[in-house]
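**Q** Sharing a structure below in structure tokens format, with a few things to ask.
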Amino acid sequence: MALTDRALPARRMFGAQTSVRRWRGIGPAPVGIAAALICTLPVLALIPMAFAGGGAHISHLLDTQLADYALNSAALVCIAIAGTWLLGVPTAWITTRYEFPGRRLFLIALPLPLAMPSYIAAYAWLSMTAAAGPVHDALGGFFPTVSGIAGAGFVFSICLYPYVFLLARQAFESHGVNSFEAARTLGASPMRAFWKISLPLARPSIMAGMALVVMETLADYGTVDFLGTPTFTVGILRAWISFGDPDAAARLALILLILTLIVFGGERVLRRGRSVSEIGGRSKPQRRVRLSARTALLAAICCAVPVLLGLAAPVAHLIMLALETQPVRSPLDALQGTMLVASLSALIAVTIGLGAAYAARTGGWFAQASVRAAHAGYAVPGAVAALGVIAMLAAVQSLFDGFSGWTAPLITGGGLAALLFAYQARFAAAAIGPCESALARITPTMDQAARSLGASRWSVIRRIHVPMAFSGIATAALLVFIEVMKELPATMILRPLDFETLAVSAHHYASDERLAQTALPSLMLVLLGLPVMMLVSWLVTRRQAESAS
Amino acid sequence: MAAARNIHKLYCKLFLLALFEPLTQQKENTMRLGILGLAIAVLGLSACNNTGTGDGSTSASGKDEMLVIFSSRHYDSDYALYDAFEKETGIDVRTIEADGDLLVERLKADGARSPADVIVTVDAGRLWRAEQEDLFAPLKSDTLTEQVPAAMRHPDGFWYGLATRARVLVYAKDRVKEGELAGYETLADPAFKGRVCARSSGNIYNISLLAALIDRWGSDKAQQWATGVANNFARDPLGGDTDQIKAVAAGECDVALVNHYYFARLMRDDKDKGVVKDLAVFWPNAGEGVHVNVSGAGVAKNAPNPELARRFIEFAMTEQPQRFFAELTNEYPAVSSITYDNAALKELGDFKADPISLSKLGENQAEAQQLFDRAGWR
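Order-wise, the sequence lines are chains A and B.
Following the working numbering, the numbering of the first sequence begins with 172 at its first residue and continues without gaps.
Following the working numbering, the numbering of the second sequence begins with 6 at its first residue and continues without gaps.
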């Protein structure tokens with residue numbers, strides 16, 4: 172193909188253009204639509220449920236607690252946005268822009284709190300800061316007990332800021348310093364150059380991270396229930412568990428989903444026309460500014476605080492607990508189960524995410540809309556999403572029955588299939604976001620240049636997109652791996668017989684209020700996440716070195 | 006089975022390789038390795054499918070007998086019970102453990118094809134819901150009828166109680182005199198304003214208690230009680246039962262509403278003994294008595310092996326498994342003639358259990374949550 176390309180450049184160019192026109196909206200669109208289907212089918216399965224039940228419980232909730240639930244959710248989202256921004260963006264900027272002792276260590280350490288499930292962090296922090304806890308005793312009650320809205324907001328901030336950090340750092344690194352230095356040359360102060368140039372350039376990435384933070388905060392049940400902050404999701408789960416009315420739960424979940432989509436739709440509309448992309452091909456590699464001893468100390472403290480709060484303190488507490496306890500069951504089977512589902516899901520999700528991101532990039536409005544819809548699954552509370560998957564599989568099963576008399580039980584007989592499907596429904600969006608922002612780095616002019624030089628569609632993907640977007644794609648795989656590793660309700664209910672994951676074992680002990688027994692599986696979760704995180708940090712730095720040479 | 010597990014292990018390694026290998030290679034190879042990884046993933050999926058259905062077919066041949074238990078319990082006593090049953094009978098026990106309501110949904114979705122033989126769940130309200138969803142098959146067994154008291158089993162044999170837990174008051178001996186405590190009513194007594202701790206109202210233990218109180222007192226008085234307790238809270242509901250006990254120990258509140266076995270567990274733990282040394286349990290024996298809740302097991306409606314299920318439930322009522330419940334999880338065995346070795350339970354003493362029909366707990370469940378919501382008990 173390369174030969175003919177070169178032999179007939181003009182013809183090829185012409186042909187390429189017509190094919191772009193002809194394939195517009197069709198080419199990768201089916202992938203986008205497939206991704207959207209996987210992510211939305213379980214949600215769609217909730218719709219008939221939502222219309223099935225009566226409204227008695229909903230009107231009861233409206234009369235009593237619903238306003239309270241909604242207010243709590245809104246307040247929690249605001250705290251989480253502010254908290255993750257404060258912990259994530261400055262640290263990303265400091266580690267990208269400045270050189271100070273320990274910088275490389277922080278690069279590895281800062282993303283690590285992501286491996287800590289927020290409900291585990293909540294157990295650990297409450298037991299540390301409650302009366303008679305080690306932090307409470309050490310500081311003489313100065314540190315407030317982590318509870319209520321402020322406590323839950325704190326836990327979400329320290330557990331979820333790595334989303335913002337990772338994506339912001341990736342953006343800061345890849346945009347280089349050209350524009351920043353140009354602004355500095357023109358007399359802008361470093362602060363002004365940061366606010367006016369670097370931050371807007373990184374904005375799509377930061378927003379992608381924020382979107383994940385908001386959706387996880389809204390969908391969380393374990394943390395808020397434990398810390399005594401009943402949110403909308405608590406209301407949803409109570410409609411199901413206490414009122415025995417899964418239909419009401421489905422309806423409330425859909426309301427939450429629609430509200431979330433409106434918020435994100437609004438954000439996209441506001442952002443439209445304000446997107447910034449850096450023109451001018453290859454950017455110069457980062458030249459980090461060396462800090463004086465005093466500012467270096469300040470920078471190190473800045474970077475140490477999130478790691479201390481999100482990882483070091485709770486892990487130290489868990490280690491103390493684990494050392495004092497004899498494990499009841501070996502966690503090795505659970506470790507194996509976690510590795511199996513998490514790595515498989517990461518592979519599948521990256522494929523879906525890339526396909527969907529391409530569809531959104533090159534496809535028509537329909538493909539783009541489908542990809543937006545794919546994000547829906549992420550904003551539904553995990554237990555309700557699992558309910559949707561069950562409802563959907565039951566419907567598919569009855570369809571099969573009608574056709575072929577095939578009688579294998581779909582959920583149980585399908586081994587891991589039902590579970591893997593549920594993970595994709597829920598987490599493919601976590602891959603689409605980073606994949607999209609990775610591809611956003613590649614300006615349309617690059618595509619056009621490559622195509623006009625006679626490169627085929629595939630070779631544009633292979634020789635330009637993949638190398639340029641690689642660190643973003645790796646980040647996407649990492650995020651899905653970590654998410655699946657921590658996922659609870661769907662794993663619990665859709666897993667095959669005798670199949671255990673670390674999150675499930677940790678939850679079993681935690682729900683039985685045995686924090687000490689929870690410590691070991693929780694620690695193993697964190698330890699499993701550690702090398703994955705380090706690999707990605709290393710990858711990002713290596714790419715930087717490569718483009719420098 | 007062992008072979009299937011080995012295959013799983015092998016695939017686990019392959020998947021990890023497939024995930025990490027592309028990341029470490031030169032970028033030219035990335036696409037190719039990515040495709041290879043996908044191919045392996047697809048193969049792995051089909052292999053998992055095979056092991057899934059394969060298990061089913063071997064058990065159908067009857068050679069390798071297998072009992073499938075869907076349980077919302079996940080305690081050491083249960084694992085000991087499964088092991089003991091496997092050892093006694095040679096039957097392979099397979100389990101899925103999940104929270105009760107998720108379990109019900111999966112059983113409903115699997116319908117006639119459900120692999121479940123036995124359903125075990127923690128709360129009478131949940132047993133009632135599973136019964137409403139028509140998930141149990143009636144089990145008639147003279148041994149069981151004889152061993153399990155009538156109050157602790159379903160009249161039609163849909164389920165049989167395994168063990169019970171009691172909802173009690175825990176108080177600080179230096180700040181509360183036993184004479185001040187009368188029963189659950191005390192928690193709503195204005196004299197205890199700012200002195201009461203309890204967990205959130207969405208918790209099934211609280212819901213079942215209020216469901217029982219609705220039956221005992223009627224809705225109006227139950228509503229007054231819930232509102233009174235909510236007004237007496239020393240702090241917003243937070244954490245689990247153990248956290249309430251610790252809050253009393255730390256002086257945040259004077260009396261807490263908890264399940265007895267959390268207290269017994271702290272008593273038996275060398276490290277946590279100190280927490281409970283100045284605390285005591287008060288049994289609300291007055292009137293109808295102490296609210297107890299039951300864990301129960303029943304035969305699944307579409308059980309592939311109902312006979313094995315019956316054997317399992319009968320086995321669970323024999324001496325050794327019943328002792329597991331008392332000795333490993335500090336619950337009260339359903340079979341009252343069993344003697345067990347648990348000093349903490351002995352120390353807590355005897356109590357009078359509320360003889361309420363357990364299905365009432367299920368029937369009143371939704372109303373209980375409504376009363377809590379109106380009372381502002383978060």
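Every residue, glycine too, gets a C-beta built ideally from N, C-alpha and C.
Keep in mind the model is a prediction, meaning the values are calculated, not measured.
#1: Hey, could you find the ends of the beta strand (DSSP E) R99 (chain B) is sitting in?
#2: Going by beta carbon distance, what residues of the same chain come within less than 8 Å of P502 (chain A), once the five residues before and after it are set aside?
#3: Identify which residue in B:S213, B:Y176, B:H79 and B:V181 has its Cα closest to the Cα of S364 (chain B).
#4: What is the DSSP secondary structure of V560 (chain A), counted as helix, strand or coil?
#5: A303 (chain A) versus chain B: which residues are under 8 Å apart at the beta carbon?
#6: With M617 (chain A) as the anchor, note down where its alpha helix (DSSP H) starts and where it stops.
#7: Does L701 (chain A) get closer than 9 Å to chain B when you measure Cβ to Cβ?
#8: For T235 (chain A), go through chain B and note every residue whose CB falls closer than 7 Å to its CB, in chain order.
#9: List the endpoints of the continuous alpha helix (DSSP H) containing R170 (chain B).
#10: Any beta-carbon of chain A closer than 9 Å to the one on E102 (chain B)?
#11: How about V326 (chain A): is its C-beta nearer than 9 Å to some C-beta of chain B?
#12: From what residue to what residue does the beta strand (DSSP E) around S300 (chain B) run?
#13: Compare the C-alpha of A373 (chain A) against each of A:V384, A:H346 and A:F397 and name the closest.
#14: Does K351 (chain B) get closer than 9 Å to chain A when you measure Cβ to Cβ?
#15: Starting from the beta carbon of A371 (chain B), find every residue of chain A whose beta carbon is closer than 7 Å, and list them in chain order.
#16: Is F397 (chain A) close to chain B, meaning its C-beta is less than 9 Å from at least one C-beta of that chain?
#17: Once you ignore the five residues that flank A314 (chain B) on each side, which residues in its own chain have a CB closer than 8 Å to its CB?
#18: Just reading off the beta strand (DSSP E) that T334 (chain B) is part of, what are its end residues?
#19: Quick check on this structure: which residue in B:E312, B:R273, B:A291 and B:V253 has the alpha carbon closest to the alpha carbon of D283 (chain B)?
#20: Check for me: the beta strand (DSSP E) holding I75 (chain B) runs from which residue to which?
#21: T255 (chain A) and Y332 (chain A): beta carbons closer than 9 Å?
#22: Which bits of chain B does M378 (chain A) rub up against, with CB to CB less than 9 Å?
#23: Give me the Cβ distance between R612 (chain A) and A640 (chain A), rounded to the nearest whole Å; I'm assuming they're in contact under 8 Å.
#24: Compute the beta-carbon to beta-carbon distance between E110 (chain B) and S77 (chain B), rounded to the nearest angstrom, for a pair I have assumed lies under 8 Å.
#25: Can you give me the C-alpha to C-alpha distance between L217 (chain A) and R597 (chain A), rounded to a whole angstrom?
#26: Using alpha carbons as the reference points, say which of A:M287, A:Y269, A:L278 and A:L232 lies closest to L489 (chain A).
#27: Take M705 (chain A) as the anchor and find which of A:L281, A:A206 and A:V476 has the nearest alpha-carbon.
#28: Where do the N-terminal and C-terminal ends of the beta strand (DSSP E) with N264 (chain B) fall, by residue?
#29: From S569 (chain A) to Y176 (chain B), what does the alpha carbon distance come to, in whole angstroms?
#30: State the Cα-Cα distance for the pair W133 (chain B) and S206 (chain B), rounded to the nearest angstrom.
#31: Are any of the Cβ atoms in chain B nearer than 9 Å to that of M663 (chain A)?
#32: Would you kindly check if the distance between the Cβ of L686 (chain A) and the Cβ of Y294 (chain A) is under 9 Å?
#33: Could one say the Cβ of R240 (chain B) lies closer than 9 Å to chain A's Cβ atoms, at least one of them?
#34: Against chain A, does I209 (chain B) count as a neighbour if the rule is that its beta carbon must be under 9 Å from one of theirs?
#35: If you draw a straight line from the alpha carbon of A114 (chain B) to that of S146 (chain B), how long is it in whole angstroms?
#36: Looking at chain A, which residues of the segment 72 to 99 of chain B have a Cβ within less than 8 Å of any of its Cβ atoms?
**A** According to the data block:
#1: Per DSSP, the continuous beta strand (DSSP E) segment holding R99 (chain B) begins and ends at D97 to E102.
#2: The answer, listed in chain order, is L673, S676, L691, P692 and M695.
#3: When each option's Cα is compared against that of S364 (chain B), the closest is B:S213.
#4: Judged by DSSP in its simplified three-state form, V560 (chain A) adopts helix.
#5: Residues of chain B passing the Cβ test: K251, A254, A255 and V280.
#6: Note, M617 (chain A): alpha helix (DSSP H), P615 to S623.
#7: Among the CB atoms of chain B, none fall inside 9 Å of the CB of L701 (chain A).
#8: The contacting residues are D378 and R379.
#9: Counting along the chain, no alpha helix (DSSP H) covers R170 (chain B); the unbroken beta strand (DSSP E) around it starts and ends at Y165 to A177.
#10: Chain A contact via Cβ: present.
#11: For V326 (chain A), not one C-beta of chain B is nearer than 9 Å to its own C-beta.
#12: V297 to A305 is the span of the beta strand (DSSP E), which, as asked, contains S300 (chain B).
#13: Selection A:V384, A:H346 and A:F397 evaluated against A373 (chain A) yields A:H346 as nearest (Cα-Cα).
#14: False, the Cβ-Cβ gap to chain A never drops below 9 Å.
#15: Neighbours of A371 (chain B) on chain A, chain order: S413, F414 and G415.
#16: It does: the Cβ of F397 (chain A) has a partner Cβ on chain B nearer than 9 Å.
#17: Counting only Cβ-Cβ distances below 8 Å, and skipping sequence neighbours, we find L72, D122, V123, L144, V304, A305 and A308.
#18: Element bounds for T334 (chain B): n/a, residue is neither H nor E.
#19: Check the Cα spacing between D283 (chain B) and each of B:E312, B:R273, B:A291 and B:V253: the tightest is with B:V253.
#20: In the sequence under discussion, the amino acid at residue 75 (chain B) is Phe, which differs from the Ile named in the question. Residues M71 to S76.
#21: Yes, the pair counts as a contact, with Cβ atoms nearer than the cut-off.
#22: None at all; the shortest Cβ gap to chain B is about 26 Å.
#23: The pair is a contact, with the Cβ atoms about 7 Å apart (cut-off 8 Å).
#24: The Cβ separation is near 12 Å, so there is no contact.
#25: Roughly 14 Å between the two C-alpha positions.
#26: The residue among A:M287, A:Y269, A:L278 and A:L232 with its C-alpha nearest the C-alpha of L489 (chain A) is A:M287.
#27: If you compare the alpha carbons of A:L281, A:A206 and A:V476 with that of M705 (chain A), the shortest gap goes to A:L281.
#28: V260 to N264 is the extent of the beta strand (DSSP E) around N264 (chain B).
#29: Going by C-alpha positions, S569 (chain A) is about 55 Å away from Y176 (chain B).
#30: Their Cα atoms are separated by approximately 20 Å.
#31: Using a Cβ-Cβ cut-off of 9 Å, M663 (chain A) counts as an interface residue toward chain B, since at least one Cβ of chain B sits closer than that to its own.
#32: Inclusion of Y294 (chain A) and L686 (chain A) in the CB contact set at 9 Å is warranted, their separation being smaller than that value.
#33: It does; some Cβ of chain A falls within 9 Å.
#34: Taking 9 Å as the CB threshold, I209 (chain B) lines the interface with chain A.
#35: Rounded to the nearest angstrom, the two C-alpha atoms are 29 Å apart.
#36: Going along the segment 72 to 99 of chain B in chain order, one finds V73, H79, Y80, D81, Y84 and R99 with a Cβ nearer than 8 Å to chain A.
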